[in-house]
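Below: the structure, in structure tokens.
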Amino acid sequence: MRKASYQKIAVLLLFVFMFSMIAGCGAEQEKTEAEPDTRVVKNLDGSEIVVPAEVNRVAALFGPSYEKVFLLGAEDKIVANGDFHINGWPWSNVIYERLDEVPGIPNAHESLNIEEILKLKPDVVFYWDNPAEVKRLQEANIAVVPAVSSAEGQKFEDCKNMLMVYAQVLGKDEEKIAQEYCQYFDEKVEQITAVTKDIPADQRPSVYFAVQKLLWSAGKESDIPEVIDLAGGKCVHANMPGGSKSEVNMEQLLKWNPEYIFVDHAGSSGNASAEEVVSEMSEDARYKQLAAVQNEQVKVCPTGVFFWDAGQQKILLLMWMAKTLHPDLFEDLDMQAELKYFYKKFYRYDLTDEEAERILLHLPPAGQADKPAA
Numbered sequence: 002m003r004k005a006s007y008q009k010i011a012v013l014l015l016f017v018f019m020f021s022m023i024a025g026c027g028a029e030q031e032k033t034e035a036e037p038d039t040r041v042v043k044n045l046d047g048s049e050i051v052v053p054a055e056v057n058r059v060a061a062l063f064g065p066s067y068e069k070v071f072l073l074g075a076e077d078k079i080v081a082n083g084d085f086h087i088n089g090w091p092w093s094n095v096i097y098e099r100l101d102e103v104p105g106i107p108n109a110h111e112s113l114n115i116e117e118i119l120k121l122k123p124d125v126v127f128y129w130d131n132p133a134e135v136k137r138l139q140e141a142n143i144a145v146v147p148a149v150s151s152a153e154g155q156k157f158e159d160c161k162n163m164l165m166v167y168a169q170v171l172g173k174d175e176e177k178i179a180q181e182y183c184q185y186f187d188e189k190v191e192q193i194t195a196v197t198k199d200i201p202a203d204q205r206p207s208v209y210f211a212v213q214k215l216l217w218s219a220g221k222e223s224d225i226p227e228v229i230d231l232a233g234g235k236c237v238h239a240n241m242p243g244g245s246k247s248e249v250n251m252e253q254l255l256k257w258n259p260e261y262i263f264v265d266h267a268g269s270s271g272n273a274s275a276e277e278v279v280s281e282m283s284e285d286a287r288y289k290q291l292a293a294v295q296n297e298q299v300k301v302c303p304t305g306v307f308f309w310d311a312g313q314q315k316i317l318l319l320m321w322m323a324k325t326l327h328p329d330l331f332e333d334l335d336m337q338a339e340l341k342y343f344y345k346k347f348y349r350y351d352l353t354d355e356e357a358e359r360i361l362l363h364l365p366p367a368g369q370a371d372k373p374a375a
């Protein structure tokens, strides 16, 4: 009788064991099916990018990409950057934590050494919208995220939307940070436009935005004309063909005769610094005919860790430009406080009052007075 009971128990245990094995295999199969090796992320233009399910190693080669990845709290994932990042912006060497130790890829924006990239084993490469180089990366089975505009063309909100694309590539934690940035972005746009939207056309000062060089500007395919409009200005080159580096002839600039001239993105790609660009105006009698020059309204945009017209600080550019164009309407807008909040919130760095003021004045960190801010 006892032997029969033992046999029944043994059979029962065998069934339990077999059932648990089958259930375990099923769960493992479900887990495998639920967690594929790759996933798809949509870029701003609607194109689909296949990236690894888990991204731990990235090459931040595109100009503003290091800033984006750093802002998203993922600097530890960067295994390579463009060599121009290393010494291009003195404030980035202060704010970023690993910039000096990350390998810099030479000539990253024009012709990549694919073999060198492969040695670094990146899961993803953040790159320019350069079809030839993007194709070479893809042919080497490297996932690449090109910097594209929305299907309707470049818009100011692409600034936040492209950050979200990066975040979706990097992971869930990064997505949460991107969402916080997007909320901040929207709040600040609303704060500024609540004031500027009702400014009549005849009270909007005319604005010319110089990109790298005095006679390079931002055409209608760029979002800079939109930023100027949101800030309460009247962009003189709003209908000019081209993107962010469109050539302007001297005669046209004199005809526009802007009341304000903003200079940004200077000092890169071997071009003159912003200060040198402004100095050029004082040496050429033709520029002295411009209202902006005569009234001392030529402004060098702040830089910080990157150019304000191209990276995530573009929302600060909107605020700073609005206050510059309409100081009476934005008397309560404290740009030093806004800058300090932004750097603490998104760069996890506490700027001192002096540091914030130096950034706003387009000055490098203290002790680096002999170097241009960018």
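Taking this note's numbering, the leading residue of the sequence shown gets 2, the next gets one more, and so forth.
For every residue, glycine included, the Cβ atom is placed at its ideal position computed from N, Cα and C.
Taking every protein chain shown into account, the CB of Pro201 has fewer than 16 other CB atoms within 10 angstroms, so this residue is exposed.
Under the three-pair Cβ rule at 8 Å, the segment 136 to 151 counts as touching the segment 49 to 60.
Under the DSSP assignment, Ile79 falls in the beta strand (DSSP E) whose first and last residues are Ile79 to Gly83.
Non-local beta-carbon contacts of Pro123 in its own chain, meaning distances under 7 Å to residues more than five positions away in sequence, involve Arg58, Val59, Ala60, Val80, Ala81 and Ile143 in chain order. According to the DSSP secondary-structure assignment, Cys236 is paired through a beta bridge with Val208. Excluding sequence positions up to five before and after Val149, its CB lies within less than 6 Å of the CB of Asn44, Leu45, Asp46 and Asp130, all in the same chain and listed in chain order. Each of Arg99, Met251, Asn240 and Asn88 was checked against the Cα of Pro107, and the nearest Cα belongs to Asn88. Rounded to the nearest whole angstrom, the CA to CA distance from Gly305 to Trp92 is 5 Å. Between Asp265 and Trp309 a beta carbon distance of about 6 Å is seen, short of the 8 Å cut, so the two are scored as contacting. Under the DSSP definition of a beta bridge, Phe127 partners with Ala61 and Val146. Non-local C-beta neighbours of His238 in its own chain, meaning closer than 6 Å and more than five positions away in sequence, comprise Ser218, ordered along the chain.
Arg359 carries a helical assignment under DSSP once its states are collapsed to helix, strand and coil. Burial of Ala211 is indicated by the presence of at least 16 other C-beta atoms within 10 angstroms of its C-beta. Here the alpha carbons of Gln290 and Asn296 stand approximately 10 Å from one another. Comparing alpha-carbon positions, the option among Ile96, Glu98, Ile118 and Val95 lying closest to Gly105 turns out to be Ile118.
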